[in-house]
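Going by UniProt numbering, the residue at position 277 of the sequence shown is 277; the numbering climbs one at a time, nothing skipped.
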Amino acid sequence: MAIAKEDRNLYEANMRNHNPALYNSNAHFVYADASVWPVLQLLDLQRGEQILDLGCGTGELTARLTDTVGETGSVWGTDANEEMLSKARMAHSKLRDKVFLADAQSLEVPEGRGLENSFDKVFTNATLHWCKRDPAGVIEGVKLFLKPGGAFVGEFGGFQNVCAVRSHLHQVLREHNIDPVPLDPWYFPTAEAYSSLLTAHGFTVSSCILAPRPTTLPTDLIGWLRTFARNSFLSTLSDEEAERIMQETSKRCEIDCRDEQGRDSVIEQEKETEMKQWLQMIIFDPLVYALSSYV
């Protein structure tokens, strides 16, 4: 999907505005064992492998990958948010010299580090649904880092992900005379659409599926909105206006998202993709899973 030039700054901001403290407090389910187990099965890490974590955030999962590949392997991480990378460096000494700042949609190989076409696998978890500006650019960038025969493996939100929340956000914004379309930061493709995108950029897709994943939130829905929408979807609004919109959205979502015990949850759709030669796997929220190869 092409983004108009005048809206590009919004998407640049969306990639950089995550708050590390809120993320670790309210979004730790993103890297929890139950969430990442399917994609790690597809990643199938082996000792000695060279791995790039695309969208590594604060580095919790990246550090775990480092433990798995062992001393003979290596894991690097990249993220568009310097605050997230700073926390990763402080919290995980093993990542201190192995994370670098980059936009996943316009990747460039850092000079002088020998990283070009050096990775066995590029891994991404809960990142690509933020890459609405240029999802094809992500795929092209990954090729700069992968060895021939390497794998691109990951997970991100797919078609109908958090659909009730997103629909109500759009409606509430319209009622406040705000056009939600240029503000919406999310890219939630179908498995078929993402599979076609991979194929168009030289990958042979072996499998690509969309899988629903109910996620009980560690906070209420307001906490989720403050973590994922305030500094992205609502980043151009004042604190007062954004809070009012989030409160209205949360109230309208109760019928879809709140159970009998008063717990809020969302349905995520996952997509996974795995490719050989350039091997990629991706999960979405209703998450998508896929397998393909680059020739």
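Glycine included, each C-beta is placed from N, C-alpha and C at the ideal position.
These numbers come from a predicted model, not from an experiment.
For the pair of segments examined, the stretch 86 to 96 was found not to touch the stretch 140 to 158: the number of CB pairs separated by less than 8 Å stays below three.
Shown here, Ser232 sits in coil according to DSSP, grouped into three states, outside any helix or strand. Boundaries of the beta strand (DSSP E) around Lys147: Leu146 to Glu155.
Exclusion of the five residues before and after His201 leaves Ala136, Ile139 and Glu140 as the residues of its chain whose Cβ lies within less than 7 Å of its Cβ. Out of Ala104, Leu54 and Ser106, the CA that lies nearest to the CA of Lys98 is found in Leu54. Distance from the CA atom of His129 to the CA atom of Trp186, rounded to whole angstroms, is 5 Å. In this structure, Arg226 sits away from Val172, with a CB-CB distance that is not shorter than 9 Å.
If you check the CB distance, Leu144 and Leu85 do not come in under 9 Å. Restricting attention to alpha helix (DSSP H) runs no shorter than 4 residues, the stretch 60 to 110 encloses them at 60 to 69 and 82 to 91, ordered along the chain.
In this structure, Phe100 places its C-beta atom within 9 Å of the C-beta atom of Pro110. In the three-state scheme derived from DSSP, where H, G and I count as helix and E and B as strand, Leu221 is classed as helix. Ranked by Cα distance from Ala102, the options Glu241, Gly70, Lys121 and Leu52 are led by Leu52. In the three-state scheme derived from DSSP, where H, G and I count as helix and E and B as strand, Cys163 is classed as helix. By a beta-carbon distance limit of 8 Å, Ala63 does not contact Ala80. Their separation comes to about 19 Å.
Leu45 places its beta carbon less than 9 Å from that of Val69. Rounded to the nearest whole angstrom, the CA to CA distance from Phe228 to Leu221 is 10 Å. One Cα belongs to Gly114, the other to Ile178, and the distance between them is close to 47 Å. Ser195 sits in a helix when the DSSP states are folded into three classes. Distance from the Cα of Arg166 is smallest, within the candidate group Arg244, Trp37, His176 and Phe188, for Phe188.
Secondary structure at Asp44: coil, using DSSP grouped into helix, strand and coil.
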